[in-house]
Amino acid sequence: MRKLLSVILSAVTLFCMLCTPVAAAGHITPSGVSYKNIGTEIESLAKENEGNYASFGTAVFSGDEVLYSKHFGYVDRKNGIIADESAVYEWGSISKMLVWVSVMQLYEQDKLDLNTDIQTYLPEGFFKKLKYDEPITMLNLMNHNAGWQETSTTIEVDDEEDIISLEEALKKTEPAQVFKPGEITAYSNWGAALAGYIVECISGMDYAEYLHKNVLEPLGMEHTSVSADYRDNKWVRDQREKTRSYLIMNFPEMGIVKDEDLGTAMSFILLYPSGSVTGTLADMTKFAQAFISDECHLFEKQETLDLMLSASDFYGDSDIPKNCHGLWVTEYAVTTMGHSGNTNAGTANLVFDKASNTGVVVLTNQQSENVFCNNIPEIVFGSFENNPIYTNAKITERTDISGDYLLSRGLFDGMAKVYSSLSYLPLEQGENTDSYAQGGIPALKRISDNIYMIEGSTDFLYQTETSDGKIMLEYSSMAYIQSDIVKNEFISVIIFAVIVVVTLVLLIVKGVKKLTRKYRAIPAGNVILTGQLGRLAVGIVFVLFLTVTVPKAVFIIMCIAAGISAIVCFVSAGFTVKAIFTEKKLKKFARIRYLVSILFNLFTAGFVIYFELFNFWA
Numbered sequence: 006m007r008k009l010l011s012v013i014l015s016a017v018t019l020f021c022m023l024c025t026p027v028a029a030a031g032h033i034t035p036s037g038v039s040y041k042n043i044g045t046e047i048e049s050l051a052k053e054n055e056g057n058y059a060s061f062g063t064a065v066f067s068g069d070e071v072l073y074s075k076h077f078g079y080v081d082r083k084n085g086i087i088a089d090e091s092a093v094y095e096w097g098s099i100s101k102m103l104v105w106v107s108v109m110q111l112y113e114q115d116k117l118d119l120n121t122d123i124q125t126y127l128p129e130g131f132f133k134k135l136k137y138d139e140p141i142t143m144l145n146l147m148n149h150n151a152g153w154q155e156t157s158t159t160i161e162v163d164d165e166e167d168i169i170s171l172e173e174a175l176k177k178t179e180p181a182q183v184f185k186p187g188e189i190t191a192y193s194n195w196g197a198a199l200a201g202y203i204v205e206c207i208s209g210m211d212y213a214e215y216l217h218k219n220v221l222e223p224l225g226m227e228h229t230s231v232s233a234d235y236r237d238n239k240w241v242r243d244q245r246e247k248t249r250s251y252l253i254m255n256f257p258e259m260g261i262v263k264d265e266d267l268g269t270a271m272s273f274i275l276l277y278p279s280g281s282v283t284g285t286l287a288d289m290t291k292f293a294q295a296f297i298s299d300e301c302h303l304f305e306k307q308e309t310l311d312l313m314l315s316a317s318d319f320y321g322d323s324d325i326p327k328n329c330h331g332l333w334v335t336e337y338a339v340t341t342m343g344h345s346g347n348t349n350a351g352t353a354n355l356v357f358d359k360a361s362n363t364g365v366v367v368l369t370n371q372q373s374e375n376v377f378c379n380n381i382p383e384i385v386f387g388s389f390e391n392n393p394i395y396t397n398a399k400i401t402e403r404t405d406i407s408g409d410y411l412l413s414r415g416l417f418d419g420m421a422k423v424y425s426s427l428s429y430l431p432l433e434q435g436e437n438t439d440s441y442a443q444g445g446i447p448a449l450k451r452i453s454d455n456i457y458m459i460e461g462s463t464d465f466l467y468q469t470e471t472s473d474g475k476i477m478l479e480y481s482s483m484a485y486i487q488s489d490i491v492k493n494e495f496i497s498v499i500i501f502a503v504i505v506v507v508t509l510v511l512l513i514v515k516g517v518k519k520l521t522r523k524y525r526a527i528p529a530g531n532v533i534l535t536g537q538l539g540r541l542a543v544g545i546v547f548v549l550f551l552t553v554t555v556p557k558a559v560f561i562i563m564c565i566a567a568g569i570s571a572i573v574c575f576v577s578a579g580f581t582v583k584a585i586f587t588e589k590k591l592k593k594f595a596r597i598r599y600l601v602s603i604l605f606n607l608f609t610a611g612f613v614i615y616f617e618l619f620n621f622w623a
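Under the working numbering, the first residue of the sequence shown carries the number 6, and numbering increases by one thereafter.
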């Protein structure tokens, strides 16, 4: 009997061993960390950074199995509300992955072609600001190289009553097309939202409705909201109102220490397909798992998923993938894909490796969080320094890339282009010809003929050229493009700032003299005063434009004011020139003053024209 029991027990033990899930000891992640130690590594990271977070939730999975899932901290520190399974977080730009899944579903149904001009699917006359004749395809939208500049008009509102339809929002916020389609990567929220609208046009359904029916419900994602105002999931709305956002930065060595409670930080994204999804950690995990599951839950055919996960864009003419049909490629020790997200209320990351069938999701209620969103994926996927791109890198020839660079995800048309001038990247070669500095601070280090590591990180830039021969440094979702004029633009802004300050001082001095009755009238004094007021008006408009987000109507008034002020400055300069030649009793000092006034007025008028401060329709 005992022998029989022993045999039975042995058989049961063997059966259990055979049925042990993949998380058993011996199974390891691409980084070399065993499945059973993942939790220890993450919890150690959390302990090391106890003062650097409010809350976060993270999950690590292998295929259909969740290896580790846990919440840390508080969604509301003031009221002591801990983060648990009911906590909801904003996905930010990870929302775009749902757009691209929807697009691929329509592709699978032969309702959409990835290489057809998207105007085929849009209402006639939809675009108003296209510059190039080349067609824009869905693949251009997925690769973010349709050629649009950054959206200069606000895409968020604080009041639900200000929410408008997706079609109307797209038309009101249409950015200028500044690059030829397919030439330069420039991350575009507007382009992704446009793809969501095309899903509406083809399917005949509201985008949020389409997602619930074709993605969320099939995956069992019951605690996820898509719409701008959470109307599609009241439970998520209720939970979201309990969640507060925080800005926490703890870098004492850099003199940066912040810990701010930002309230709920709720806003409503008009271009909502690009970034409004909100939900639980469990739901995001289900979505992420669908890309590496043994069964294809997103599409009817496995071939469709395989196509989606194949490279659709590369760095320059290399074989290094940059984008896979809307999913960004990130190089750790292995090549991964996914998407990150940032909103006013949180930071998130979704990363998976199809080869090893492992993945990671991280959700936080912090602005610009990078400790956990960056380091947890590295725990699972390893460091880029172990990637073949890095380990096999060789330098055979060198190109000097010194110069001034503009970020492709910027503003190049209309009055908003001044922002690009204020944020250019100057690179200068160091004593080591493979090192480049920005303002004396190390910035890049060459590791191969065309690849540069960003100092202090494991991110890299790939050197290539634009169609007109400019050096371009590609950086996943955008690029730095060499510019010959950006430094001059920056200097012109500085000169204009000096002119405005001097003008303000002169007006104050003049006012004080009049009050103390020490002011002496001079010939053409009113003409000079008019020019001064014109310059000051332009300065006020310029400062307001840089610092304040205003309604469209106020913005139009500002632009008109800038245009009129430029005309005033030009006319004032003309009358001042006339005064120099007609006034015979002008002293030398007065003539110098008049000449300075002329130069100031002409520069201001030119500044308005060059930066298109009058251009409210751009």
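We put the beta carbon where it would ideally sit given N, CA and C, even for glycine.
Every value quoted in this text rests on a predicted model; they were computed, and no experiment measured them.
Inside the stretch 188-240 only - alpha helix (DSSP H) runs reaching at least 4 residues:
194-208 and 212-216
At the level of alpha carbons, what is the spacing between His-302 and Ser-67?
16 Å
When burial is assigned at 16 or more other CB atoms within 10 Å of the CB, is Tyr-485 buried or exposed?
buried
Measuring only the C-alpha atoms, how far is Asp-299 from Leu-127?
36 Å
Are the stretch 601-612 and the stretch 503-518 touching by the rule of at least three beta carbon pairs closer than 8 Å?
yes
Residues bridged to His-344 by DSSP?
Leu-355
Let me make sure I understand the geometry here. Which of Arg-414, Ile-614 and Asp-405 has the alpha-carbon closest to that of Tyr-441?
Asp-405
Please report the straight-line C-alpha distance between Thr-269 and Ala-51, rounded to a whole angstrom.
24 Å
Minimum C-alpha distance to Val-366 - residue among Tyr-212, Val-385 and Val-582:
Val-385
Is it a yes or a no for the stretch 336-352 touching the stretch 149-159, going by three-plus beta-carbon pairs under 8 Å?
no
Using the three-state DSSP reduction, which class does Trp-153 fall into: helix, strand or coil?
strand
Considering only C-alpha positions, which residue in the set Phe-296, Gln-182, Cys-574 and Lys-134 is nearest to Gly-539?
Cys-574
Looking at the C-beta of Leu-549, does it have a partner C-beta in chain B at a distance below 8 Å?
Of the protein chains in this structure there is only one, and it is not chain B.
Beta-carbon separation (whole angstroms), Val-231 vs Val-282, contact threshold 8 Å:
6 Å
Please report the distance separating the alpha-carbon of Asp-266 from that of Arg-249.
7 Å
Local Cβ density within 10 Å of Ser-170, reported as buried at 16 or more and exposed below that:
exposed
Any beta strand (DSSP E) of 3 or more consecutive residues that is wholly inside the stretch 22-84:
60-67 and 70-81
With a threshold of 6 Å on Cβ separation, who are the neighbours of Met-289 within its own chain once the five nearest residues in sequence on each side are excluded?
Val-366
Can you tell which of Arg-403, Thr-159 and Val-601 has the C-alpha that lies nearest to the C-alpha of Leu-534?
Val-601
Starting from Glu-129, follow its DSSP beta bridges and name the residues at the other end.
In the DSSP output, where bridge partners are listed per residue, Glu-129 has none listed.
Please report the distance separating the alpha-carbon of Leu-119 from that of Leu-144.
5 Å
Taking Cβ to Cβ, would you say Leu-314 is nearer than 8 Å to Cys-329?
yes
Residue nearest to Leu-216 in terms of C-alpha spacing, selected from Ile-253, Ala-542 and Tyr-277:
Tyr-277
Give the secondary structure of Ala-295 by DSSP, where H, G and I count as helix, E and B as strand, and everything else as coil.
coil
Among the candidates Thr-352, Val-423, Leu-135 and Trp-153, whose CA atom is the shortest distance from the CA of Leu-551?
Val-423
Residues bridged to Phe-465 [DSSP beta-bridge criterion]
Met-458
So what's Gln-124 in DSSP terms, helix, strand or just coil?
helix
Check for me: the beta strand (DSSP E) holding Arg-451 runs from which residue to which?
446-451
Closer than 6 Å by C-beta to Trp-96: which residues in its own chain qualify, once you throw out the five before and the five after it? Chain order, please.
Val-282, Gly-346 and Ala-353
Measure the alpha-carbon distance for Leu-103 versus Phe-132 and round it to whole angstroms.
24 Å
Within 10 angstroms of the Cβ of Thr-521, are there 16 or more other Cβ atoms? Answer buried if so, exposed if not.
exposed
Could you pull out every residue in the same chain whose Cβ sits closer than 7 Å to the Cβ of Leu-221, ignoring the five residues on either side in sequence?
Thr-229
Under 8 Å: do the stretch 424-433 and the stretch 487-497 share three or more Cβ pairs, one atom per stretch?
yes
How should Trp-153 be labelled, buried or exposed, when 16 other C-beta atoms within 10 angstroms of its C-beta is the threshold for buried?
buried
Are the CB atoms of Ser-462 and Gln-434 nearer to each other than 8 Å?
no
In whole angstroms, give me the CA-to-CA distance for Ser-39 and Asn-379.
19 Å
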